[in-house]
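In our numbering, the protein residues as written are 258 to 896. First the structure, in the form of structure tokens, and then the observations on it.
Structure (structure tokens):
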């Protein structure tokens with residue numbers, strides 16, 4: 258049982274990548290939003306056929322050491338605002354002002370919380386009566402979950418409120434409202450950051466909880482002994498019961514970043530900008546100096562949080578994003594049709610146009626070979642929707658509308674990428690995801706970047722990148738203004754938590770690597786010092802500053818090894834045929850190349866189409882492609 262299976266669940270498609278220590282097997286399947294565990298098992302069944310030649314799910318599951326699972330469902334839920342209404346109980350009348358300081362904060366606060374804020378006096382004579390009345394008002398106003406956020410230090414007042422709320426609103430009652438206590442969730446002393454972390458986690462929790470436990474239960478029905486592991490946005494994995502919803506946000510892109518870092522190492526690239534284009538979002542992250550750019554206090558949709566997170570921005574632009582006309586102009590996203598009803602060309606009843614419909618009608622996609630022939634696209638449905646929603650409202654012909662929609666898509670994606678480009682001449686875009694290779698050249702030109710790298714596993718690259726993950730847990734304690742004895746007590750407390758959690762992960766703490774860090778923040782919550790720490794050593798803490806002790810416990814797993822990605826002597830590629838594609842000069846025949854049939858060094862000028870496994874790369878006019886020794890595709894702007 259040494260096989261590792263990595264799964265990246267997206268809004269439209271779910272990717273599965275299996276590694277047996279020597280070879281990869283991978284596939285894609287449509288995401289099933291009505292039951293997300295269904296697409297998980299559909300994908301596992303399909304990949305078993307890839308491995309054994311016939312469907313054999315039981316054998317696959319019982320030959321697998323671990324299944325690591327990542328999902329964009331949290332990201333998509335926040336982008337589309339699909340989640341419960343949140344209420345806040347606090348003792349600070351100014352908290353709302355702190356939480357709504359920036360335009361991004363105001364917009365998210367209004368959508369998630371709105372006016373559902375209750376201020377209580379924790380010193381009131383009738384605290385129980387006041388608290389119950391405030392909570393009842395919040396639930397009457399529609400709050401389905403409540404965050405309790407009291408005090409600027411963990412002085413025990415939240416625990417007092419918890420005792421009252423447990424007595425007055427016992428958990429065993431039907432319809433009881435879940436509470437999350439901010440100091441239990443994080444010891445971060447910056448109030449807005451701590452409360453925002455609790456609010457976002459509370460919003461994401463039910464979305465993640467429902468299908469993750471359902472998936473785990475279905476695996477148990479197959480008598481799988483090893484638990485399902487959830488891949489997190491800090492690059493580590495943990496079982497469902499030991500994961501928090503906030504850390505699943507943007508976890509898929511972290512897998513893509515791990516794979517991007519591996520590419521940067523084998524190709525010697527200084528600055529690589531990943532664009533992971535899924536069905537609902539384009540996720541943008543950076544590998545600089547072969548290191549993933551990570552923030553100690555990460556942000557989500559521009560909102561500061563208390564936890565480390567890779568620096569990934571998610572734009573509402575994907576293969577299933579709705580392209581429509583708003584106030585006389587073509588707009589792209591953030592609304593997505595997902596996998597159901599999906600793009601109009603899927604034939605599931607979709608009535609909105611997407612870039613998938615556009616690329617089908619442009620001639621970039623072959624309707625008979627989509628998803629390697631597992632799915633047939635309906636051009637007539639796509640044509641009808643594009644005509645009705647874009648061409649006729651703007652008074653354009655169908656072809657004019659298609660070119661305008663394509664350029665709008667390139668512009669939207671390029672504008673999303675551009676802020677992360679510091680030096681265009683030193684930047685390479687790593688484009689992957691199902692829709693990334695189709696649009697990378699157009700987006701890169703808008704952003705001013707002249708080099709694009711498309712991995713041969715582009716269609717499942719985030720799932721592939723999860724293969725660099727280990728089992729891990731992290732912990733933090735507030736040790737500001739403490740004596741050495743108190744610091745020693747914090748070390749003992751974190752070690753006890755790590756020993757308990759890693760035991761529940763199935764590993765002894767003695768078999769794990771431990772990493773300790775002391776971090777000091779200023780009054781504004783910005784990091785001013787971060788140093789490694791060894792338990793027992795003497796340290797001098799900065800008086801009056803906020804200092805945190807962090808422990809990361811890691812159990813190493815088998816790692817994927819990549820072939821060297823050097824470049825080979827140039828040679829003529831083998832064409833598989835041609836396809837008529839609409840461009841600025843009209844519809845013209847364009848050569849089609851199958852990536853798997855090319856030898857290292859194969860090169861050609863655009864316009865061209867390169868078909869990879871489960872993806873289509875468009876090489877636009879003015880670009881050329883080269884196939885590397887590792888089988889990846891390097892696109893270069895020659896203009």
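Here a beta-carbon is modelled for each residue, glycine too, at the ideal position from N, C-alpha and C.
Around the Cβ of residue 789, are there at least 16 other Cβ atoms within 10 angstroms (buried) or fewer (exposed)? Burial is judged here by how many other beta carbons sit within 10 angstroms of a residue's own beta carbon; residue 789 has fewer than 16 and is exposed.
Go to residue 326, then tell me how far its beta strand (DSSP E) extends in each direction, as first and last residue. Annotation: the continuous beta strand (DSSP E) that includes residue 326 extends over 321-328.
Under 8 angstroms by Cβ, that's how I've got residue 891 and residue 714 pegged, so tell me the actual separation to the nearest angstrom. Residue 714 and residue 891 do not touch by the CB rule: their CB atoms are close to 15 angstroms apart, not below 8 angstroms.
Taking the alpha carbon of residue 767 as the point to measure from, which residue in 297, 784, 794, 810 has its own alpha carbon closest? Residue 767 has its Cα closest to that of 810, out of 297, 784, 794, 810.
Pull up the DSSP beta-bridge partners for residue 266, would you. Answer is 271, 328, bridged to residue 266.
Nearest residue (CA-CA) to residue 842, options 542, 660, 267: Relative to the Cα of residue 842, the nearest Cα in the group 542, 660, 267 belongs to 660.
Where does residue 285 fall in DSSP's three states? Note: residue 285 maps to strand in three-state DSSP.
Can you name the start and end residues of the beta strand (DSSP E) that residue 427 belongs to? Neither: residue 427 is in no beta strand (DSSP E) and is coded neither H nor E.
Rounded straight-line distance, which links the Cα of residue 287 to that of residue 596: Residue 596 and residue 287 have their alpha carbons spaced roughly 6 angstroms apart.
Could you check whether residue 575 and residue 538 sit closer than 7 angstroms to each other, using their CB atoms as the reference points? Contact: yes.
Residue 404 versus residue 439 - alpha carbon distance: Distance from the CA of residue 404 to the CA of residue 439, rounded to the nearest whole angstrom, comes to 7 angstroms.
Spatial distance of residue 836 from residue 635 (CA atoms): Spanning the two alpha carbons is a distance of roughly 17 angstroms.
State the Cα-Cα distance for the pair residue 771 and residue 721, rounded to the nearest angstrom. Whole-angstrom Cα-Cα distance: 26 angstroms.
Any contact of the region 286-302 with the region 758-765, i.e. 3+ C-beta pairs under 8 angstroms? Too few Cβ pairs lie closer than 8 angstroms, so no.
Could you give the distance in angstroms between the alpha-carbon of residue 526 and the alpha-carbon of residue 519? Rounded to the nearest whole angstrom, the C-alpha separation of residue 526 and residue 519 is 10 angstroms.
Where does residue 474 fall in DSSP's three states? Helix.
Please say whether residue 833 and residue 858 have beta carbons closer to each other than 7 angstroms? Contact flag unset, no.
Tell me, to the nearest whole angstrom, how far the beta carbon of residue 580 is from that of residue 497; I am working on the premise that it is less than 8 angstroms. Rounded to whole angstroms, the Cβ separation of residue 580 and residue 497 is 36 angstroms, and the two are not in contact under 8 angstroms.
Start and end of the beta strand (DSSP E) containing residue 881? Here the beta strand (DSSP E) through residue 881 covers 880-884.
So is residue 291 buried or exposed if we call it buried at 16+ other beta carbons inside 10 Å? With fewer than 16 other Cβ atoms inside 10 Å of its own Cβ, residue 291 counts as exposed.
What is the residue span of the beta strand (DSSP E) that residue 573 lies within? No beta strand (DSSP E) holds residue 573; DSSP gives it neither H nor E.
Once the 5 residues before and after residue 471 are set aside, which same chain residues still bring their CB inside 8 angstroms of it? Cβ neighbours of residue 471 within its own chain (closer than 8 angstroms, five residues either side excluded): 292, 293, 294.
Please report the distance separating the alpha-carbon of residue 480 from that of residue 756. Roughly 27 angstroms separates the two Cα atoms.
Suppose you measure from the CA of residue 866 to the CA of residue 850; what does that come to, to the nearest Å? Going from the Cα of residue 866 to the Cα of residue 850 covers about 6 angstroms.
State the Cα-Cα distance for the pair residue 700 and residue 786, rounded to the nearest angstrom. One Cα belongs to residue 700, the other to residue 786, and the distance between them is close to 38 angstroms.
When the Cβ atoms of the region 530-546 are set against those of the region 685-701, are three or more pairs found closer than 8 angstroms? With three or more CB-CB distances shorter than 8 angstroms, the region 530-546 counts as touching the region 685-701.
Distance check for residue 719 and residue 486, CA to CA, integer angstroms please. For residue 486 and residue 719, the distance between alpha carbons rounds to 16 angstroms.
From residue 556 to residue 451, what does the alpha carbon distance come to, in whole angstroms? Looking at the two C-alpha atoms, the distance is approximately 12 angstroms.
Leaving aside the five residues before and after residue 594 along the sequence, list all residues of the same chain whose C-beta is less than 7 angstroms from its C-beta, in chain order. Only residues of its own chain outside the window of five on either side were considered, and among them 577, 579, 600, 607, 609, 611 have a CB closer than 7 angstroms to the CB of residue 594, listed in chain order.
Grouping DSSP H, G and I as helix and E and B as strand, with all else coil, what is residue 565? Here residue 565 sits in coil by DSSP.
Considering just the uninterrupted stretch of the alpha helix (DSSP H) at residue 308, what are its terminal residues? Residues 293-309.
Every unbroken beta strand (DSSP E) inside the region 676-709 [3 residues or more]: As far as the region 676-709 is concerned, its whole beta strand (DSSP E) runs of at least 3 residues are 684-689.
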